[in-house]
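For the record, the sequence lines run as chains A and B.
Under this note's numbering, the letters of the first sequence match residues 61 to 421, in that order.
Under this note's numbering, the letters of the second sequence match residues 292 to 523, in that order.
A virtual CB, placed ideally from N, CA and C, is assigned to each residue, including glycine.
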Amino acid sequence: MIDRSAPRKLAAELRAQFEAQGAVPVEPPFLLPAEKLLDLYGEDIRGRAYVTSDPARGEMFMRPDFTVPVVEMHMAQGAEPARYTYAGEVFRRQEENPDRAIEYLQVGYEVFDRADPVGAEAEVFARIAEVLKPMGLKAVTGDIGLLRAAIEGLETTERRKAALLRHIWHPRRFRALLDRFSGRAPVPAARTALLNAPDPMANAGPMIGLRSAAEIEERITALKEDAATAPISEREIELIEALLDVRETVPFALEQLRDLAVDLPAINDAVERMAARSAALEKLGVSLESLVFEATYGRTSMEYYDGFVFGLIAEDRPDLPPVATGGRYDALTSKLGQGREIPAVGGVIRPGLVLDLGGLS
Amino acid sequence: MTIKIGVPSKGRLMEKTFDWFAERGVSLSRAGSEREYAGKVEGIEGVELVLLSAGEIPRELAAGRIHLGVTGQDLIREKLSQWEQRVEELAELGFGQADLIIAVPQVWVDVDTLEDLDAVSAAFRAEHGFRLRIATKYHRLVREYLKEHGVADYQLVDSQGATEGTIKNLTAEAVADITSSGETLRANHLKILSDALVLRSQATLFKARGLKLSDEDRATRTELLKKLGVWN
């Protein structure tokens, strides 16, 4: 049997601590409508979350995290700026890692504040790092905003940029697209044949299904335009690769990024934002010399964090997931708000892991 | 006690399995009438034949209720997570070949690869307001495959039969299904993506792993596997 009382007690204490610092406690539901989560996270969420179903309500997910319900509560009733805290179980399927917990507690701290975005990011990190300080964890940060800025600054079509941005969290497809758009990957024979066919729809067979002839033609036009577009230059690809390779303590990373920005001016604003965030962190007592920055941190595991991200890790226990994670998730709130922008940044602590690693004293 | 071997309870898969065992000196047959799912084993003592639906054999192996079983690799991989730790492949039997593929309407002349499917999924969602539907009964295999290959903006819809018809019936835009010759696909005006072979499967003899056996049963199993030429 898992001992639930000790992590629950610690979770309540941490939540009370965040509450004392001004966060409003919230109690989101356990069951969430499946459709909403599927729309946000895609089909992959089924591999990570438990689905329930009943004839009246259809499919519901047992909450895999608090983000969606907290954002919804905020949108329904919240005034800005707002700070929330919560403590409760989340449920995760672990097909690939059967030794990992399928239900565990999370304590969260979320900030909705549009006036001072870097201040809010620094605040969330500092609050959580402060709580976990006695554990001597390694802190890693990242910022997907840099890669986004670099893509948006590419000298290529909006369509290509949109395709790359869509796959920013899927490194394998992202790589394949970069190879395609740069001409590194050969054009598949079937596509060449399609683009050269005088009438591509000849011998195509009967029209079946919901996707219309107009949609097919539209894509053929898009492919033709793309074939006529100059490849993304080798130099730009190398700059993106150099950006993805940055892995240093924050002061050195900033230096590297500023050097890169000379050739990649599109990331200037993102770099300055990181500098401002670092200054804000320092002001809150965070030592930048021991804070690691990895440009790709969170890229595979933290979809929808679209700016600053962080994780606090037990270095001598690589078998364990991070004790705390967090970041900025404006893209998610803008989807949930159907275009309404609600700047949001938050983080969670796993009290169970804290205790497994010896607690906070 | 006896060593229990699970075999598909009907059709060509059963007959071919019986043939494969017979060629190796073990005769499997149905006891009694055609409708009775009881089996008979000759040529070795202490082995019991259990006739089951091919789809239930993975679960029965994992639970240890049968010691050996014949079923498709597709079903083992779909139904058992971390299947390698729960069963061991002893021999591919050379029949029941089936590929799990992804197919789209032939008229989608602009789609030949996963890259195309992914691009079309994004455009489809923007146009229709919902994610492109792929009909399948192999949810886990297909989801993992598409995740690994970075395809987004799709959804899986369940189809337990006549999957090729779902597109015409407007309940799906693409299918992920088992095919052996591709004829059903062609008859339904569908084509296979050229780079999306999710899984190549055939009928296979599996052994349940981690079972506690009596010395007697262990000896029986060894004798049977030697007879079948799959002992190593």
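| query | Hey, how far is the Cα of Asn171 of chain A from the Cα of Val84 of chain A? | reply | Going by the sequence as given, residue 171 of chain A is Val instead of Asn. Rounded to whole angstroms, Val171 of chain A to Val84 of chain A spans 10 angstroms at the Cα level.
| field | Whole alpha helix (DSSP H) elements within the stretch 118 to 174 of chain A, 4-residue minimum | value | Within the stretch 118 to 174 of chain A, the runs of alpha helix (DSSP H) at least 4 residues long that lie entirely inside it are, in chain order, 127 to 137.
| task | Ignore the nearest five residues each way along the sequence and tell me which others in Glu132 of chain A's own chain have a CB closer than 7 angstroms to its CB. | result | Leu396
| task | Run down chain B in chain order and give the residues with a C-beta less than 9 angstroms from the C-beta of Pro260 of chain A. | result | In chain order: Val400 and Asp401.
| query | At a Cβ threshold of 9 angstroms, is Pro349 of chain B touching chain A? | reply | Using a Cβ-Cβ cut-off of 9 angstroms, Pro349 of chain B does not count as an interface residue toward chain A, since no Cβ of chain A sits closer than that to its own.
| Rounded to a whole number of angstroms, what is the C-alpha to C-alpha distance between Thr289 of chain A and Thr216 of chain A? | 8 angstroms
| query | Which chain B residues sit within Cβ distance under 8 angstroms of Glu73 of chain A? | reply | Here the premise fails: no neighbours, minimum Cβ distance about 36 angstroms.
| field | Within 9 angstroms, strictly: CB atoms of Ala250 of chain A and Ser485 of chain B | value | yes
| Any idea what DSSP makes of Gly323 of chain B, helix, strand or coil? | coil
| Residue range of the alpha helix (DSSP H) that includes Glu215 of chain A | Here Glu215 of chain A belongs to no alpha helix (DSSP H), and DSSP marks it neither H nor E.
| task | Give a yes or no on whether 9 angstroms exceeds the smallest Cβ distance from Arg434 of chain B to chain D. | result | Checking the listed chains, one finds no chain D in this structure; the protein chains it contains are A and B.
| Chain-order list of residues whose beta-carbon lies under 7 angstroms from that of Ser471 of chain B (same chain, five-residue window excluded) | Gln388 and Ala389
| task | Could you tell me which of A:Ala321, A:Arg117 and A:Gln166 sits nearest to Ala72 of chain A, measuring between CA atoms? | result | The residue with the shortest Cα to Cα distance from Ala72 of chain A is A:Gln166.
| Is it true that the stretch 363 to 378 of chain A meets the stretch 177 to 192 of chain A, where meeting means three or more beta-carbon pairs spaced less than 8 angstroms apart? | yes
| said: Quick check: what's the CA-CA separation for Leu437 of chain B versus Glu406 of chain B? | reply: 11 angstroms
| Paired residues, beta bridge with Val378 of chain B - DSSP | B:Ala499
| said: In the DSSP assignment, the alpha helix (DSSP H) including Pro311 of chain A goes from what residue to what residue? | reply: Val310 to Asp323
| Chain-ordered neighbours of Ile458 of chain B on chain A, where CB pairs are closer than 7 angstroms | Ile268 and Gly269
| query | If you draw a straight line from the alpha carbon of Glu351 of chain B to that of Pro115 of chain A, how long is it in whole angstroms? | reply | 29 angstroms
| request: Compute the beta-carbon to beta-carbon distance between Pro93 of chain A and Arg108 of chain A, rounded to the nearest angstrom, for a pair I have assumed lies under 8 angstroms. | output: At roughly 17 angstroms, the Cβ-Cβ gap does not stay under 8 angstroms, so Pro93 of chain A and Arg108 of chain A are not in contact.
| said: Considering Cα atoms alone, identify which of B:Ala353, B:Ser320, B:Ala354 and B:Glu347 is closest to Val338 of chain B. | reply: B:Ser320
| Can you tell which of B:Gly330, B:Asp365, B:Glu347 and B:Glu507 has its C-alpha closest to the C-alpha of Arg431 of chain B? | Cα-wise, what sits closest to Arg431 of chain B is B:Asp365.
| chain B contact residues for Asp104 of chain A, given Cβ-Cβ distances below 8 angstroms | Arg434 and Lys438
| query | In whole angstroms, what separates the C-alpha of Ile327 of chain A from that of Glu315 of chain A? | reply | 13 angstroms
| Helix, strand or coil at Tyr110 of chain A according to DSSP, with G and I counted as helix | coil
| Along the chain, which unbroken stretches of the beta strand (DSSP E) at least 3 residues long are found entirely within the stretch 209 to 275 of chain A? | none
| said: Within 9 angstroms of any Cβ in chain B, is that where the Cβ of Glu349 of chain A sits? | reply: no
| Hey, would you say Val298 of chain B sits closer than 9 angstroms to Gly360 of chain B, going by beta carbons? | yes
| message | For Thr435 of chain B and Glu336 of chain B, what's the separation of their Cα atoms in angstroms? | response | The question names Thr, yet the displayed sequence has Glu at residue 435 of chain B. Taking the straight line from one Cα to the other gives about 43 angstroms.
| request: List the residues of chain B that Pro248 of chain A touches, going by C-beta distances under 7 angstroms, in chain order. | output: Asp403 and Thr404
| said: Tell me the DSSP secondary structure of Arg609 of chain B in three-state form. | reply: Given that chain B is displayed from residue 292 to residue 523, the structure contains no residue 609 of chain B and the question cannot be resolved.
| message | I'd like the list of long-range same chain contacts for Leu348 of chain A, defined as Cβ closer than 8 angstroms, with 5 residues on each side in sequence excluded. | response | Thr309, Val310, Pro311, Ser338, Leu341 and Glu342
| field | Boundaries (first-last residue) of the beta strand (DSSP E) holding Val341 of chain B | value | Val338 to Leu343
| request: Output the distance between the C-alpha atoms of Met122 of chain A and Ile162 of chain A, rounded to the nearest integer angstrom. | output: 11 angstroms
| field | Bounding residues of the beta strand (DSSP E) (the contiguous stretch that carries Thr427 of chain B) | value | Leu423 to Thr427
| Is Val322 of chain A buried or exposed, if buried means 16 or more other CB atoms sit within 10 Å of its CB? | exposed
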